[in-house]
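Colleague: Quick one: structure below, then a few questions.
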Amino acid sequence: MSLIYFDNNATTGVLPEVFEAMAPYFTDKYGNASSMHHFGGGNKKAIELARVNVADLINASAAELVFTSGGTEADSSAIYSALRFYPNKKHIITSAVEHPAVLEVFKKLGKEGYKVDFIGVDGDGRFNMEQYKAVLDKDTALVSVMWANSETGTIFPIKDICALAHEAGALFHTDAVQAVGKIDVDVKLAGADMLSCSSHKINGPKGIGALYIRQGLRFFPFMVGGHQERLRRAGTENVPAIVGFGEAARIAKETLFLYEDKVRVLRDNLENGLLKEIPDCRINGDRENRLPNTSNISFGYVEGESILMMLDEYNICASSGSACTSGSLEPSHVLMAMGVPFQFAHGSIRFSLGKFNTEAEVEQVIKVLPPIIKRLREISPFHGEKRACAARQ
Amino acid sequence: MWDYTDKVMDHFKNPRNVGEIKDADGTGQVGSLICGDALKLTIKVNKETEVIEDVKFQTFGCASAIASSSILTEMVKGKTLSEALKITNRDIAEALGSLPEEKMHCSVMGMEALDAAIKSYKQGGAPVIFEQEPGTNIVCHCFNVSEQAIIQAIHNNNLKTVEDVTHFTKAGGACGKCKEEIGRILSKVLSCEVPSAPKAEEKKPYSEMTIVEKIKAVEEVLNNDIKPKLNLDGGSVELTDINGNIVTVKLLGMCGGCMNAAATLKGFVEKTLRDKISKDIEVKQA
Chain S
863 MSLIYFDNNA TTGVLPEVFE AMAPYFTDKY GNASSMHHFG GGNKKAIELA RVNVADLINA
923 SAAELVFTSG GTEADSSAIY SALRFYPNKK HIITSAVEHP AVLEVFKKLG KEGYKVDFIG
983 VDGDGRFNME QYKAVLDKDT ALVSVMWANS ETGTIFPIKD ICALAHEAGA LFHTDAVQAV
1043 GKIDVDVKLA GADMLSCSSH KINGPKGIGA LYIRQGLRFF PFMVGGHQER LRRAGTENVP
1103 AIVGFGEAAR IAKETLFLYE DKVRVLRDNL ENGLLKEIPD CRINGDRENR LPNTSNISFG
1163 YVEGESILMM LDEYNICASS GSACTSGSLE PSHVLMAMGV PFQFAHGSIR FSLGKFNTEA
1223 EVEQVIKVLP PIIKRLREIS PFHGEKRACA ARQ
Chain V
293 MWDYTDKVMD HFKNPRNVGE IKDADGTGQV GSLICGDALK LTIKVNKETE VIEDVKFQTF
353 GCASAIASSS ILTEMVKGKT LSEALKITNR DIAEALGSLP EEKMHCSVMG MEALDAAIKS
413 YKQGGAPVIF EQEPGTNIVC HCFNVSEQAI IQAIHNNNLK TVEDVTHFTK AGGACGKCKE
473 EIGRILSKVL SCEVPSAPKA EEKKPYSEMT IVEKIKAVEE VLNNDIKPKL NLDGGSVELT
533 DINGNIVTVK LLGMCGGCMN AAATLKGFVE KTLRDKISKD IEVKQA
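Those protein sequence lines, which keep their order, are chains S and V. For reference, each letter of the first sequence is one residue, going 863 to 1255 in the working numbering. For reference, each letter of the second sequence is one residue, going 293 to 578 in the working numbering.
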């Protein structure tokens, strides 16, 4: 039974050509890019080529990119730099549905004395602009709002959110980890001051990411030490990972059209097929404005972990916003912020497709999932009650 | 990915006794859609022998919740009510091989549903929803967990930390506001379990002790507080005589020939005995 991988928002596999590009930098070209000899110093060229490729993917210039250890470091670096940029401003804004890499930092800053506003979303996961406008003021140092949501795929109006932040005199950062490589991300068009992205979501290696810092914006480094990355991120460059990220970014840009032409079609087929076959389910997220690869479906009256374990029997990989899968006891904060009822939140499954998925794989999921849901509903006490209610009516 | 045992996976994939007994003698329910797991247990009881002749379950929840419910039905079938009431969550977890710590509350849910079903039978068969006794102190409002339930889980499972309590009862697992109170309950229960007899006894002043009591008291401090430290340096100490406040000892091993023997004797042995027993003690070398 071959693997059906529908969990591309969690991570992706490294492409063979990316791996090949990286390989020499482990064993042969292991020199330190900061060295004066050409054996090490020569690697500087490889790093700069990678920087151009990553910058191209988001329409930035290479000098505006700093390599980091990943999306999380890029997020923390951006947030803490913005706070030092405006040391006297004590108000910061984010959304209630951010990735923990942003959300937890904001919660921590809240405990440390910052006034923090978490902007809510509506039932379809859309950003609450009115609430946002109402809390923005001249004391706001930073607005950090994600480009696209990892769980539902909902895309936020980053350009508008950014423009309002700038009007109020605040800096704007966006965590674009899920958007980059899946949709057109143009940082200039958006106007963002800082943007985080990550390699392992676009078929590059793990452990490498980048922070875009708008030219001319004063940046306060998070990691201090050596003079690497033009004094903006200390630490010996992870040359193989940077090279891999660059190659992955180059390929991502070339093949971006596949997300609209192929992945969106597969995702829609999967979604429509499941909705047709399975009663009592709902799509979570803004269907008009979503990443083309993400489908978050709630199957009422059953629990997400059980569904995933049953899918695992068929070698099908997905993820869930249920409480049980995370080891925490509450369902996903994103679904809770959207006000998804509990009977649906616990039974949510996220399918996130990639460029390499096929129609046959979609058909296989549409074939095996309905009986799984049916079986679990037979075991569930609530579904029986629901049937009884329906019969009485 | 949870590290589930084969037994858990077997009962998850092939759950036994699924469904609802139509003319059940007892129906117990626990949990809710909000909590993310729920269990409904129906039992058929032989009125004369009080043996549970049939049992069926319906569960909304994760793999371990379904497996816990399934194995519970196997465990209670054929047992008398009083035997069944003795089943603890620990028994359920053990029957499954083991459960991940974070999933122990699934086994607690099984025990609670069984209690509710038996209560339902005894009350004439009307369904009983497991709930805390009226008037009990609800500690965790997110998951509706009472102080009594927390104390029981601590006792049954030998829990030591707030995290343990959350794994077993869910209390504190959502907003986390009750964690402090769980900590207080935990320290209260744990401090009760420590044998309290020696603490309660008033210590007799050294001057009023009989010679045997003095020897015992000094030996105890020598053994517990002094010898282990001297052993680290390859030395030891031995009590040779007690005369009133004067304690005579012999330094052994490396300590015996050590140039710092006098300092060890006064600075460490005497000081420790003075701190632990009486400030009047004077130590001399044999």
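In this text, a Cβ means the ideal position worked out from N, Cα and C, and glycines have one as well.
Could you tell me whether the stretch 322-333 of chain V touches the stretch 394-405 of chain V, using the rule of 3 or more Cβ pairs below 8 Å?
Modeller: Verdict: yes, contact present.
Colleague: Does the beta-carbon of Gly1209 (chain S) have 16 or more other beta-carbons within 10 angstroms, so that it is buried, or is it exposed?
Modeller: Under this definition Gly1209 (chain S) is a buried residue.
Colleague: Under 8 Å Cβ-Cβ, which residues of chain V neighbour Pro1193 (chain S)?
Modeller: Per Cβ cutoff of 8 Å: Gly328.
Colleague: By the 7 Å beta-carbon criterion, what residues does the stretch 440-455 of chain V contribute toward chain S?
Modeller: Residues passing the 7 Å Cβ filter: none.
Colleague: Quick check: Cys1183 (chain S) and Asp986 (chain S), are their CB atoms within less than 8 Å of each other?
Modeller: Correcting the residue type first, residue 1183 (chain S) is Gly in the shown sequence and not Cys. Taking 8 Å as the Cβ cut-off, Gly1183 (chain S) and Asp986 (chain S) do not qualify as a contacting pair.
Colleague: With distances taken Cα to Cα, identify the nearest neighbour of Ala441 (chain V) among V:Pro419, V:Cys434, V:Asn429.
Modeller: Out of V:Pro419, V:Cys434, V:Asn429, V:Asn429 has the C-alpha closest to the C-alpha of Ala441 (chain V).
Colleague: Roughly how many whole angstroms lie between the Cα atoms of Pro307 (chain V) and Val1049 (chain S)?
Modeller: Their backbone Cα atoms lie some 53 Å apart in a straight line.
Colleague: Taking Lys951 (chain S) and Thr1002 (chain S) to be in contact with their CB atoms under 8 Å, please state how far apart those CB atoms are, rounded to whole angstroms.
Modeller: Yes, Lys951 (chain S) and Thr1002 (chain S) are in contact; Cβ-Cβ is about 7 Å, under 8 Å.
Colleague: Which residue wins for smallest C-alpha separation from Gly1071 (chain S), given the options S:Ala1111, S:Arg1092, S:Leu1033?
Modeller: Comparing Cα positions, the closest option is S:Ala1111.
Colleague: Considering Val300 (chain V), what are the terminal residues of the alpha helix (DSSP H) in which it resides?
Modeller: First-last of the alpha helix (DSSP H) with Val300 (chain V): 298-305.
Colleague: Using a beta-carbon distance below 8 Å, is His900 (chain S) in contact with chain V?
Modeller: No, His900 (chain S) lies away from the interface with chain V (no Cβ there is under 8 Å from its Cβ).
Colleague: I'd like to check one pair, Ala463 (chain V) with Val481 (chain V): are the Cβ atoms closer than 8 Å?
Modeller: Contact flag unset, no.
Colleague: Ser1058 (chain S) and Ala940 (chain S): beta carbons closer than 8 Å?
Modeller: Result yes, Cβ atoms of Ser1058 (chain S) and Ala940 (chain S) sit closer than 8 Å.
Colleague: Please list the terminal residues of the continuous alpha helix (DSSP H) segment that includes Cys467 (chain V).
Modeller: Where Cys467 (chain V) is concerned, there is no enclosing alpha helix (DSSP H), given that its DSSP letter is neither H nor E.
Colleague: Any beta carbon from chain V within less than 8 Å of Ala872 (chain S)'s own beta carbon?
Modeller: No, its Cβ sits nowhere closer than 8 Å to a Cβ of chain V.
Colleague: So which of V:Val561, V:Ser412, V:Ala385 has the shortest CA-CA distance to His459 (chain V)?
Modeller: The shortest Cα separation from His459 (chain V) among V:Val561, V:Ser412, V:Ala385 belongs to V:Ala385.
Colleague: Cα separation between Asn1011 (chain S) and Lys521 (chain V)?
Modeller: Roughly 59 Å between the two C-alpha positions.
Colleague: As an exercise, report each continuous beta strand (DSSP E) stretch of at least 3 residues that is fully enclosed by the stretch 915-946 of chain S, in chain order.
Modeller: Segments of the beta strand (DSSP E) lying fully in the stretch 915-946 of chain S: 927-930.
Colleague: Applying a beta-carbon distance threshold of less than 7 Å, which residues of chain V neighbour Ile1241 (chain S)?
Modeller: Within chain V, the residues near Ile1241 (chain S) are Pro307, Val310, Gln350, Thr351, Ile358.
Colleague: In chain order, what residues of the same chain have a beta carbon less than 7 Å from the beta carbon of Leu911 (chain S), not counting five sequence neighbours either side?
Modeller: Result list for Leu911 (chain S): Gly1108, in chain order.
Colleague: Quick test of the definition: if touching needs 3 or more C-beta pairs under 8 Å, does the stretch 1195-1210 of chain S touch the stretch 882-889 of chain S?
Modeller: As far as the Cβ criterion goes, the stretch 1195-1210 of chain S does not touch the stretch 882-889 of chain S, which means the pair count is below three.
Colleague: Nearest-angstrom Cα distance between Asp1130 (chain S) and Ile1211 (chain S)?
Modeller: Using only the alpha carbons, I get a separation of about 15 Å.
Colleague: Sorted by chain position, which residues of the same chain lie with C-beta nearer than 6 Å to Thr873 (chain S)'s C-beta, five sequence neighbours on each side aside?
Modeller: Closer than 6 Å at the Cβ level, and outside the excluded window around Thr873 (chain S), lie His1062.
Colleague: To the nearest angstrom, how far is the alpha carbon of Tyr1121 (chain S) from that of Ile1023 (chain S)?
Modeller: Between Tyr1121 (chain S) and Ile1023 (chain S), the C-alpha separation is close to 25 Å.
Colleague: Which bits of chain V does Phe1204 (chain S) rub up against, with CB to CB less than 9 Å?
Modeller: Within chain V, the residues near Phe1204 (chain S) are Ser324, Leu325, Ile326, Cys327, Gly328.
Colleague: What does a CB cutoff of less than 8 Å around Cys1179 (chain S) pick up in its chain, not counting 5 residues either side in sequence?
Modeller: Hits under 8 Å: Leu865, Ile866, Tyr867, Phe868, Asp869, Leu1173.
Colleague: Count the other CB atoms, across all protein chains shown, that sit within 10 Å of the CB of Lys970 (chain S); report buried if there are 16 or more and exposed otherwise.
Modeller: Its Cβ having fewer than 16 others within 10 Å, Lys970 (chain S) is exposed.
Colleague: Between the stretch 930-938 of chain S and the stretch 1125-1144 of chain S, are three or more C-beta pairs nearer than 8 Å?
Modeller: Result no; under three Cβ-Cβ pairs closer than 8 Å.
Colleague: What number of angstroms, rounded off, separates the C-alpha of Gly1162 (chain S) from the C-alpha of Leu325 (chain V)?
Modeller: If I take the Cα positions, the gap works out to 10 Å.
Colleague: From the beta carbon of Cys354 (chain V), is the nearest beta carbon of chain S less than 8 Å away?
Modeller: True, the Cβ-Cβ gap to chain S drops below 8 Å.
Colleague: Just mark Leu1051 (chain S) as buried or exposed, buried being the case when its beta carbon has 16 or more other beta carbons within 10 Å.
Modeller: Burial call: exposed.
Colleague: Let me know if Arg1080 (chain S) comes out buried or exposed under the rule of 16 or more other beta-carbons within 10 Å of its beta-carbon.
Modeller: Result: exposed.
Colleague: Report the residue from S:Lys1229, S:Leu1118, S:Leu1093, S:Gly893 whose alpha carbon sits nearest the alpha carbon of Ala925 (chain S).
Modeller: Taking only the C-alpha atoms, the option nearest Ala925 (chain S) is S:Leu1093.
Colleague: In chain S, which residues lie with their C-beta within 8 Å of the C-beta of Lys411 (chain V)?
Modeller: Under the 8 Å cutoff, chain S gives no residues; its nearest Cβ is about 18 Å from Lys411 (chain V).
Colleague: Rounded C-beta distance between Ser957 (chain S) and Ile981 (chain S)? I'm assuming under 8 Å.
Modeller: Yes, they are in contact, since the Cβ atoms of Ser957 (chain S) and Ile981 (chain S) sit about 5 Å apart, within 8 Å.
Colleague: Please name the residue, chosen from S:Glu960, S:Phe1034, S:Tyr1074, S:Leu1004, that lies closest to Asn915 (chain S) on a Cα-to-Cα basis.
Modeller: Of the listed residues, the one whose Cα sits closest to Asn915 (chain S) is S:Tyr1074.
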